[in-house]
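S.K.: Sharing a structure, written as structure tokens. Questions coming.
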Amino acid sequence: MHMDEVKLVAIRAGVAFTIGMRLFYLFIVLVGEASKGVNVFPLQGTVVGPLVSVSD
């Protein structure tokens, strides 16, 4: 592998990791708020809706 390829792979891995961690953090926050009985976002009708509104 050339250095350019290594850099590209490293950048892609970093971006994917960053996006993954943000989604994971958002999911944790949503679950945490839902478990407190607070409906953070009105997301009914989406994939996350049932998760958020479980504690209603």
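So the sequence shown is numbered by the numbering used here: it starts at 277 and just counts up by one.
Even for Gly, the Cβ is constructed at its ideal location relative to N, Cα and C.
Small disclaimer: the values here were computed from a predicted structure and weren't measured.
#1: Where does D332 land, buried or exposed, given buried means 16+ other C-beta within 10 angstroms?
#2: Are any of the Cβ atoms in chain D nearer than 9 Å to that of G308?
#3: Taking the straight line between their C-alpha atoms, what separation do you get for S311 and E281?
#4: With DSSP run on the structure shown, which of helix, strand or coil describes K283?
M.R.: On the basis of the coordinates in this document:
#1: Interpretation of D332 is limited by its pLDDT of 45, a score under 50 that renders its predicted location unreliable; no figure is taken from the coordinates.
#2: Checking the listed chains, one finds no chain D in this structure; it contains a single protein chain.
#3: Those two C-alpha atoms are separated by around 45 Å.
#4: Reduced to three states, the DSSP call for K283 is helix.
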